[in-house]
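One structure is given below, encoded as C-alpha coordinates.
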Amino acid sequence: MDRARGAAVVTVPYRPPADEAEARRVQEELRFRVDLVGPGPSAPATVAGLDVAYATSGDRLAAAVTVLDATSLAVVDEAVAVGRPAFPYVPGLFAFREMPALLAALDRLTVRPELLVCDGHGVAHPRRFGLACHLGLVTGLPAIGVGKTSLVGTWTGPGPRRGEWSPLRDRDEEVGRVLRTRDGTRPVFVSVGHRMGLENAVERVMALTPRYRLPETTRTADQLCRRALAAGGDRG
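Taking my numbering, the leading residue of the sequence shown gets 41, the next gets one more, and so forth.
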(Lines of atoms letter the chains of each structure in order from A and count residues from 1; the text may use other names and numbers.)
(Lines give C-alpha, C1' and ligand atoms only; values in the text may rest on other atoms or scores of the structure.)
Protein backbone atom coordinates (compact mmCIF):
# COMPACT_ATOMS: atom_id res chain seq x y z
CA MET A 1 0.00 0.00 0.00
CA ASP A 2 1.31 3.45 -0.90
CA ARG A 3 0.80 5.17 2.42
CA ALA A 4 2.80 6.99 5.08
CA ARG A 5 5.15 4.58 6.82
CA GLY A 6 5.79 5.26 10.47
CA ALA A 7 5.95 9.01 9.90
CA ALA A 8 5.77 11.66 12.62
CA VAL A 9 2.33 12.29 14.07
CA VAL A 10 0.47 14.84 11.96
CA THR A 11 -3.12 15.95 12.24
CA VAL A 12 -5.36 17.57 9.67
CA PRO A 13 -8.35 19.80 10.40
CA TYR A 14 -11.74 18.40 9.54
CA ARG A 15 -13.48 20.29 6.78
CA PRO A 16 -17.04 19.50 5.70
CA PRO A 17 -17.36 18.89 1.95
CA ALA A 18 -19.81 20.83 -0.19
CA ASP A 19 -20.94 17.79 -2.18
CA GLU A 20 -20.18 14.15 -3.02
CA ALA A 21 -17.48 14.99 -5.53
CA GLU A 22 -15.58 17.07 -3.00
CA ALA A 23 -15.98 14.38 -0.34
CA ARG A 24 -14.39 11.81 -2.63
CA ARG A 25 -11.57 14.22 -3.48
CA VAL A 26 -10.87 14.72 0.22
CA GLN A 27 -10.63 10.95 0.74
CA GLU A 28 -8.32 10.54 -2.25
CA GLU A 29 -6.07 13.35 -1.02
CA LEU A 30 -5.87 12.34 2.63
CA ARG A 31 -5.49 8.59 2.26
CA PHE A 32 -1.80 8.97 1.45
CA ARG A 33 -1.19 10.60 4.83
CA VAL A 34 -2.43 7.60 6.79
CA ASP A 35 0.17 5.62 8.77
CA LEU A 36 -0.51 1.90 8.31
CA VAL A 37 2.60 0.71 10.11
CA GLY A 38 2.30 2.21 13.57
CA PRO A 39 3.04 -0.07 15.26
CA GLY A 40 0.58 1.51 17.69
CA PRO A 41 0.16 0.81 21.41
CA SER A 42 0.58 -2.87 22.29
CA ALA A 43 -0.56 -2.36 25.87
CA PRO A 44 -2.75 0.75 25.95
CA ALA A 45 -4.07 1.86 29.33
CA THR A 46 -7.28 3.23 27.82
CA VAL A 47 -9.23 2.35 24.69
CA ALA A 48 -12.18 4.28 23.28
CA GLY A 49 -15.18 2.95 21.39
CA LEU A 50 -17.11 5.14 18.96
CA ASP A 51 -20.57 4.48 17.60
CA VAL A 52 -23.55 6.36 16.15
CA ALA A 53 -27.27 5.61 16.42
CA TYR A 54 -29.91 7.08 14.13
CA ALA A 55 -33.53 7.94 14.78
CA THR A 56 -36.05 5.97 12.73
CA SER A 57 -36.73 9.07 10.66
CA GLY A 58 -33.02 9.30 9.81
CA ASP A 59 -32.89 13.04 10.51
CA ARG A 60 -31.36 12.78 13.98
CA LEU A 61 -28.37 10.96 15.40
CA ALA A 62 -26.49 10.40 18.63
CA ALA A 63 -22.72 9.93 18.56
CA ALA A 64 -21.17 8.27 21.58
CA VAL A 65 -17.63 7.70 22.82
CA THR A 66 -16.87 5.42 25.75
CA VAL A 67 -13.38 5.14 27.22
CA LEU A 68 -12.55 1.79 28.80
CA ASP A 69 -9.76 0.72 31.10
CA ALA A 70 -7.95 -1.69 28.79
CA THR A 71 -7.32 -4.23 31.55
CA SER A 72 -10.65 -4.39 33.38
CA LEU A 73 -12.75 -3.15 30.41
CA ALA A 74 -14.65 -0.92 32.84
CA VAL A 75 -15.94 2.38 31.46
CA VAL A 76 -13.87 5.26 32.89
CA ASP A 77 -15.27 8.11 30.80
CA GLU A 78 -18.02 8.73 28.26
CA ALA A 79 -19.56 11.50 26.20
CA VAL A 80 -22.42 11.96 23.74
CA ALA A 81 -23.35 14.49 21.07
CA VAL A 82 -26.86 14.55 19.63
CA GLY A 83 -27.66 16.35 16.41
CA ARG A 84 -28.45 15.93 12.74
CA PRO A 85 -26.49 14.00 10.10
CA ALA A 86 -23.96 16.35 8.50
CA PHE A 87 -24.04 14.75 5.04
CA PRO A 88 -26.49 12.74 2.91
CA TYR A 89 -26.58 8.95 3.03
CA VAL A 90 -23.97 7.87 0.47
CA PRO A 91 -22.17 4.50 0.70
CA GLY A 92 -18.46 5.04 1.23
CA LEU A 93 -18.95 8.58 2.54
CA PHE A 94 -20.32 7.76 5.99
CA ALA A 95 -17.45 9.52 7.72
CA PHE A 96 -18.71 12.90 6.55
CA ARG A 97 -22.17 12.06 7.86
CA GLU A 98 -20.93 11.22 11.35
CA MET A 99 -17.58 12.97 11.90
CA PRO A 100 -18.82 16.32 13.27
CA ALA A 101 -20.90 14.64 15.99
CA LEU A 102 -18.16 12.13 16.85
CA LEU A 103 -15.56 14.91 17.10
CA ALA A 104 -17.92 16.88 19.36
CA ALA A 105 -18.27 13.86 21.63
CA LEU A 106 -14.50 13.30 21.69
CA ASP A 107 -13.99 16.94 22.69
CA ARG A 108 -16.17 16.39 25.77
CA LEU A 109 -14.04 13.60 27.20
CA THR A 110 -11.98 14.21 30.32
CA VAL A 111 -9.81 11.11 29.72
CA ARG A 112 -7.76 11.07 26.53
CA PRO A 113 -7.83 7.53 25.07
CA GLU A 114 -4.70 5.89 23.69
CA LEU A 115 -6.55 4.03 20.93
CA LEU A 116 -9.79 4.60 19.00
CA VAL A 117 -11.90 1.60 17.99
CA CYS A 118 -14.50 2.60 15.41
CA ASP A 119 -17.67 0.75 14.56
CA GLY A 120 -16.81 0.77 10.87
CA HIS A 121 -13.80 0.45 8.61
CA GLY A 122 -10.35 1.86 8.11
CA VAL A 123 -8.52 1.04 4.87
CA ALA A 124 -11.04 -1.71 4.06
CA HIS A 125 -12.85 0.92 2.03
CA PRO A 126 -13.28 1.60 -1.71
CA ARG A 127 -10.85 4.54 -1.54
CA ARG A 128 -8.83 3.11 1.37
CA PHE A 129 -10.02 5.89 3.66
CA GLY A 130 -12.88 4.88 5.92
CA LEU A 131 -14.09 6.42 9.16
CA ALA A 132 -11.23 5.02 11.29
CA CYS A 133 -8.66 6.54 8.92
CA HIS A 134 -10.35 9.93 8.93
CA LEU A 135 -10.80 10.06 12.70
CA GLY A 136 -7.23 8.93 13.29
CA LEU A 137 -5.82 11.56 10.96
CA VAL A 138 -7.93 14.39 12.42
CA THR A 139 -7.27 13.49 16.08
CA GLY A 140 -3.73 12.17 15.67
CA LEU A 141 -4.67 9.12 17.73
CA PRO A 142 -4.05 5.49 16.74
CA ALA A 143 -7.27 4.10 15.31
CA ILE A 144 -8.69 0.85 13.98
CA GLY A 145 -11.96 -0.13 12.36
CA VAL A 146 -14.02 -3.14 13.38
CA GLY A 147 -16.92 -3.73 11.03
CA LYS A 148 -19.84 -6.09 11.54
CA THR A 149 -20.05 -6.63 7.78
CA SER A 150 -17.62 -6.03 4.94
CA LEU A 151 -17.66 -2.95 2.73
CA VAL A 152 -15.16 -4.21 0.16
CA GLY A 153 -13.12 -7.33 -0.48
CA THR A 154 -13.36 -11.08 -0.66
CA TRP A 155 -12.21 -13.81 1.70
CA THR A 156 -12.42 -17.50 2.48
CA GLY A 157 -12.80 -18.85 5.99
CA PRO A 158 -11.74 -18.15 8.67
CA GLY A 159 -11.78 -21.32 10.74
CA PRO A 160 -14.53 -21.81 13.35
CA ARG A 161 -12.42 -21.22 16.47
CA ARG A 162 -11.81 -17.99 18.36
CA GLY A 163 -8.69 -16.23 17.11
CA GLU A 164 -8.69 -17.77 13.65
CA TRP A 165 -8.60 -15.32 10.77
CA SER A 166 -8.27 -15.00 7.03
CA PRO A 167 -7.07 -12.10 4.89
CA LEU A 168 -9.59 -9.64 3.50
CA ARG A 169 -8.45 -8.86 -0.03
CA ASP A 170 -9.55 -6.22 -2.49
CA ARG A 171 -7.96 -6.00 -5.94
CA ASP A 172 -5.10 -8.29 -4.84
CA GLU A 173 -4.41 -6.08 -1.83
CA GLU A 174 -4.81 -7.18 1.79
CA VAL A 175 -6.97 -4.45 3.31
CA GLY A 176 -7.81 -6.16 6.60
CA ARG A 177 -8.54 -9.44 8.33
CA VAL A 178 -11.69 -11.44 8.82
CA LEU A 179 -11.45 -12.41 12.48
CA ARG A 180 -13.38 -14.99 14.50
CA THR A 181 -13.75 -13.55 17.99
CA ARG A 182 -16.01 -16.31 19.38
CA ASP A 183 -16.23 -20.00 18.50
CA GLY A 184 -18.83 -20.62 15.83
CA THR A 185 -20.06 -17.01 15.55
CA ARG A 186 -19.94 -14.70 12.54
CA PRO A 187 -16.55 -13.02 12.15
CA VAL A 188 -15.77 -9.30 12.34
CA PHE A 189 -13.78 -7.28 9.81
CA VAL A 190 -10.68 -5.61 11.22
CA SER A 191 -8.71 -2.95 9.36
CA VAL A 192 -6.12 -0.34 10.20
CA GLY A 193 -7.26 3.25 10.56
CA HIS A 194 -4.13 5.23 11.48
CA ARG A 195 -0.85 4.73 13.38
CA MET A 196 -1.46 0.99 13.81
CA GLY A 197 -0.13 -2.19 12.29
CA LEU A 198 -2.61 -4.88 11.23
CA GLU A 199 -1.16 -7.55 13.54
CA ASN A 200 -1.48 -5.23 16.51
CA ALA A 201 -5.01 -4.22 15.47
CA VAL A 202 -6.09 -7.87 15.52
CA GLU A 203 -4.46 -8.41 18.93
CA ARG A 204 -6.28 -5.39 20.37
CA VAL A 205 -9.61 -6.68 19.06
CA MET A 206 -8.97 -10.08 20.62
CA ALA A 207 -8.22 -8.42 23.95
CA LEU A 208 -11.50 -6.48 23.71
CA THR A 209 -13.66 -9.53 23.01
CA PRO A 210 -13.33 -11.82 26.06
CA ARG A 211 -17.04 -12.70 26.14
CA TYR A 212 -18.87 -11.45 23.07
CA ARG A 213 -18.46 -11.25 19.30
CA LEU A 214 -18.11 -7.46 19.26
CA PRO A 215 -15.47 -5.52 21.19
CA GLU A 216 -16.55 -4.15 24.55
CA THR A 217 -15.71 -0.70 23.21
CA THR A 218 -18.33 -1.08 20.48
CA ARG A 219 -20.91 -2.61 22.82
CA THR A 220 -20.66 0.15 25.42
CA ALA A 221 -20.68 2.96 22.84
CA ASP A 222 -23.68 1.39 21.09
CA GLN A 223 -25.62 1.18 24.34
CA LEU A 224 -24.76 4.78 25.25
CA CYS A 225 -25.76 6.35 21.93
CA ARG A 226 -29.03 4.40 21.87
CA ARG A 227 -29.88 5.57 25.38
CA ALA A 228 -29.09 9.17 24.46
CA LEU A 229 -31.20 8.99 21.32
CA ALA A 230 -34.13 7.49 23.19
CA ALA A 231 -33.86 10.14 25.89
CA GLY A 232 -33.88 12.90 23.30
CA GLY A 233 -31.19 14.83 25.10
CA ASP A 234 -27.64 16.03 24.50
CA ARG A 235 -25.23 15.35 27.32
CA GLY A 236 -21.55 14.87 27.80
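The C-beta atom is built at its ideal place from N, Cα and C for all residues, glycine as well.
- In the structure shown, L133 adopts coil according to DSSP, grouped into three states.
- Membership of R217 in the beta strand (DSSP E) is indicated by the continuous run E213 to L219.
- Between the stretch 115-122 and the stretch 184-198, the count of C-beta pairs closer than 8 Å stays below three; the two stretches do not touch.
- Remark: C-beta atoms of A103 and A135 do not approach each other more closely than 9 Å.
- A distance below 6 Å between beta-carbons, with the five flanking residues on each side excluded, links H174 to the following residues of its chain, in chain order: A135.
- F229 has its alpha-carbon roughly 21 Å from the corresponding atom of V130.
- D212 and Q263 have their C-alpha atoms roughly 37 Å apart.
- G160 places its beta carbon 9 Å or farther from that of A144.
- Among the bridge pairs identified by DSSP, A114 is matched with none.
- The shortest C-alpha to C-alpha distance from P53 to any of M236, T111 and T179 is the one to T179.
- When only Cα atoms are considered, Y94 and L269 end up about 8 Å apart.
- Residue pairing of R209 in beta bridges, as defined by DSSP: T194 and E214.
- The Cβ neighbour count for S82, taken over all protein chains shown within 10 Å, is under 16; the residue is labelled exposed.
- Checking the DSSP bridge columns, you'll see L156 partnered with A88 and A183.
- The continuous alpha helix (DSSP H) containing T260 extends over residues E256 to A271.
- With a cut-off of 8 Å on Cβ pairs, the stretch 146-160 is in contact with the stretch 104-114, counting three or more such pairs.
- F169 is classed as buried because its beta carbon has at least 16 other beta carbons within 10 Å across all chains shown.
- Annotation for L108: the continuous beta strand (DSSP E) segment containing it runs L101 to D109.
- As computed with DSSP, A119 is found in a beta bridge with V105.
- F229 sits in a strand when the DSSP states are folded into three classes.
- In the three-state reduction of the DSSP assignment, H234 falls in the strand class.
- When the Cα atoms are used, V232 and R244 turn out to be separated by approximately 11 Å.
- Contact check for P198 and L219: beta-carbon distance about 7 Å, within the 8 Å limit, so the pair qualifies.
- When the five nearest sequence neighbours on each side are left out, the beta carbons in the same chain lying within less than 8 Å of the beta carbon of G78 are those of G46, P182, V232, R235, M236, G237 and N240, in order along the chain.
- For R168, no alpha helix (DSSP H) run applies, since DSSP gives it neither H nor E.
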